[in-house]
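Input: a single structure, listed below in structure tokens.
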Amino acid sequence: MYKYQQLAEELRQALQANKWPVGTKIPSIRSLSETYKQHRGTVIQALQQLEKEHLLYVVPRSGYYVVKKEQLPIKMTNPAIHFESGGPDWHYFPYKDFQHCLNQAITTYQEALFMYGTPNGLPDLLRMAQKQLATQQVFTKTANIFVTSGVQQALDILCQMPFPNNKKTILIEEPGYHAMIQLLKLKHIPFKTIARTTAGIDFNALEKLFKTNDIKFFYTMPRFHNPLGTSYNTAEKQRLVALAIKYNVYLVEDDYLQAFETDAKADPLYSYDLADHVIYLKSFSKIIFPGLRIGWCVIPELLITTFKAYKALADIDSSMLSQAAFAIYIQNGMYARHQKQLQAIYIRRSKVLIAALKEKDTEGHLQIFETKAMKTHLLLPDEVPVNYLYKKLLQQNIHLMNLENNYITTSPPRNLLCLDVTNVAETEIEKGITILTQTVNALFNERKH
């Protein structure tokens with residue numbers, strides 16, 4: 001046993017004995033180093049281990065805190081590895097920072113919290129949104145920006161409201177965002193689909209759909225597609241915008257993972273639009289927490305009045321307290337710092353994932369798609385049906401993404417496997433991929449013989 005593991009066990013016992021009350025800060029690294037007579041590096045490793053076990057959480061520039069008892073997971077000898085979860089890794093979120101912003105929001109925006117009649121959003125947050133969007137090549141006026149209760153609300157409104165092109169049918173990618181698919185099915189909204197693959201979309205098929213159908217808008221994820229993890233290149237973005245303008249089709253661009261983009265030249269569709277045909281959606285559920293229920297959208301001039309009317313009927317205003325706290329969180333630099341830290345964590349995880357896949361796929365049975373995002377996809381050999389692989393891996397506590405909800409007109413390809421490492425620690429990624437590749441190899445050899 002390494003020194004850091006011995007120290008981690010001692011600290012674990014101290015936590016179980018309630019040496020430090022839940023929610024409180026434990027002694028500093030220097031203090032622990034002196035108390036336990038261990039090198040500073042050993043203490044850091046031990047604390048990181050306890051953080052991975054969800055016994056502690058870290059607040060940047062503050063220290064380590066004891067997780068509340070109701071948050072402690074049941075310790076298992078063989079904990080599950082979740083390659084299907086796309087929610088943010090909760091124990092990396094700086095709770096104390098955001099709690100401070102909530103308290104400050106109540107003090108600073110006392111009167112605004114009791115006001116109605118701001119369907120666009122809190123003015124301070126709109127100004128910050130405008131500045132932040134400009135850094136992402138989305139240049140617009142505050143009058144065109146709407147703060148919504150998450151992107152889902154924006155999609156609901158856009159699906160129901162009439163558009164200036166007087167068209168009715170919505171085009172979506174397949175596979176696609178499961179909540180959008182559920183929305184179309186539940187509300188019986190006419191739709192068409194176009195296949196999205198590793199290679200992207202078939203632009204000839206897209207043009208035919210635009211030309212021969214009354215496509216109101218095309219809902220797309222150009223960056224880090226959910227669930228494939230693929231992105232359009234610059235030429236594809238330009239061609240897509242050109243086709244939309246040519247056939248008077250609006251594009252609804254869901255840029256939900258923009259915060260994790262590392263390529264400064266990867267501009268959104270919006271930046272290529274010179275005819276006001278792109279509606280830009282931005283979500284924060286993957287970088288803050290879904291319960292914040294804040295997203296924003298940039299609406300073309302001709303749609304503003306109608307969108308505002310539909311949104312006012314939906315909720316009058318999005319949560320003013322959430323908006324006020326988020327405005328303070330952005331203004332004081334906490335959001336930028338958190339984004340940078342979380343981006344680094346997820347980039348490391350994506351690199352570990354791709355490296356593990358390449359290293360462990362010794363028999364070359366997997367077609368691996370390299371991505372810089374937390375999600376990617378693989379193509380399995382025909383001899384290994386993905387549904388059978390799911391069952392085998394579940395028996396070994398490896399959870400994979402079920403793609404049934406991402407398809408609406410067809411069933412998922414029997415050889416498509418999607419992985420998401422948002423909630424998988426680096427140490428667990430290699431372990432999970434080892435089990436996955438070993439199982440694929442075993443099933444392949446079993447079917448071959």
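Residue 72 in our numbering sits at position 72 of the sequence shown, and the numbers go up by one each step. Cβ atoms here follow ideal geometry from the backbone N, Cα and C, with glycine treated the same way. Bear in mind that the values here come from a model prediction, so they are computed numbers and not experimental data.
Original post:
CA-CA distance, GLU464 and PRO412?
Top reply: The structure shown has nothing for residue 464, since the chain only spans 1 to 449.
Original post:
So, is GLN71 buried or exposed, given that buried needs 16 or more other C-beta atoms within 10 angstroms?
Top reply: In this predicted model, GLN71 has a pLDDT of only 44, less than 50, meaning its place in the structure is not dependable; the value taken from the coordinates is given anyway. Classification for GLN71: exposed.
Original post:
Less than 8 Å separating the beta-carbons of LEU269 and LYS237?
Top reply: yes
Subject >> Boundaries (first-last residue) of the alpha helix (DSSP H) holding LYS360 >> reply: 334 to 360
Subject >> DSSP state of ALA373 mapped onto helix, strand, coil >> reply: coil
Original post:
Are the region 220 to 229 and the region 170 to 185 in contact at 8 Å, needing three or more beta carbon pairs?
Top reply: yes
**OP:** Identify which residue in VAL298, ALA425, ILE345 and GLU363 has its Cα closest to the Cα of GLN137.
**Re:** VAL298
**OP:** Look at VAL151 and SER283 and say whether their C-beta atoms are less than 8 Å apart.
**Re:** yes
Original post:
On the three-pair Cβ rule with 8 Å, is the region 273 to 282 touching the region 390 to 406?
Top reply: no
Subject >> Beta-carbon proximity check, LEU243 vs GLU207, cutoff 8 Å >> reply: yes
**OP:** With DSSP as the reference, label GLN137 as helix, strand or coil.
**Re:** coil
**OP:** With DSSP as the reference, please indicate the residues paired to ILE368 in a beta bridge.
**Re:** LEU378
**OP:** Helix, strand or coil for THR230, going by three-state DSSP, please let me know.
**Re:** coil
Original post:
What's the C-alpha gap between ALA235 and CYS159?
Top reply: 28 Å
**OP:** Please name the residue in ASP267, ILE435 and LEU417 whose C-alpha comes closest to that of PHE139.
**Re:** ASP267
**OP:** Would you decide whether PHE450 is buried or exposed? Buried here means 16 or more other CB atoms lie within 10 Å of its CB.
**Re:** With the chain running from 1 to 449 in the structure shown, residue 450 is simply not present.
Original post:
How many Å lie between GLU34 and SER319 at the Cα?
Top reply: 47 Å
Original post:
CA-CA distance, MET161 and LYS308?
Top reply: 10 Å
Subject >> Best match in LEU436, LEU303 and ALA442 for proximity to ILE81 [C-alpha to C-alpha] >> reply: LEU436
Original post:
Any idea if ALA355 is buried or exposed, counting beta-carbon neighbours within 10 angstroms, 16 or more meaning buried?
Top reply: exposed
Original post:
Can you tell which of GLN323, ASP315, ASN18 and ALA46 has the C-alpha that lies nearest to the C-alpha of SER28?
Top reply: ALA46
**OP:** Reducing DSSP to helix, strand and coil, say where LYS75 ends up.
**Re:** The pLDDT assigned to LYS75 is 46, lower than 50, so where the model puts this residue is not dependable, and the model offers no usable value.
Subject >> Coil, strand or helix - VAL278 by DSSP >> reply: strand
**OP:** Would you kindly report the start and end of the unbroken beta strand (DSSP E) that includes LYS308?
**Re:** Note, LYS308: premise wrong, no beta strand (DSSP E); alpha helix (DSSP H) at 304 to 315.
Original post:
Is the beta carbon of ALA344 sitting closer than 8 Å to the one on LYS52?
Top reply: no
**OP:** Note down, one range per segment and in chain order, each alpha helix (DSSP H) of at least 4 residues found wholly within the region 148 to 193.
**Re:** 151 to 160 and 178 to 186
Subject >> Continuous beta strand (DSSP E) stretch holding GLY295: start and end >> reply: 295 to 298
Original post:
According to the Cβ coordinates, are CYS366 and VAL421 closer than 8 Å?
Top reply: In the sequence under discussion, the amino acid at residue 366 is Leu, which differs from the Cys named in the question. Cβ atoms of LEU366 and VAL421: not closer than 8 Å.
Original post:
Since MET401 and GLU111 are thought to touch, with beta carbons under 8 Å apart, how far apart are those beta carbons, to the nearest angstrom?
Top reply: Not a contact, Cβ separation roughly 46 Å.
**OP:** Measure the Cβ-Cβ separation of ALA105 and ALA312 and say whether it is below 8 Å.
**Re:** no
Subject >> Proximal residues to GLU301 (C-beta, below 8 Å), its chain only, five neighbours per side dropped >> reply: ASN144 and ASP276
**OP:** Specify the secondary structure class of ASP97 as computed by DSSP and reduced to three states.
**Re:** helix
Original post:
Buried or exposed: where does ASP254 fall if 16 or more other Cβ atoms within 10 Å of its Cβ makes it buried?
Top reply: buried
Original post:
Roughly how many angstroms separate the alpha carbons of VAL252 and MET221, rounded to a whole number?
Top reply: 8 Å
**OP:** Measuring alpha carbon to alpha carbon, tell me which of GLU363, LEU379 and THR362 ends up nearest GLU370.
**Re:** LEU379
Original post:
How is VAL43 classed by DSSP in three states: helix, strand or coil?
Top reply: helix
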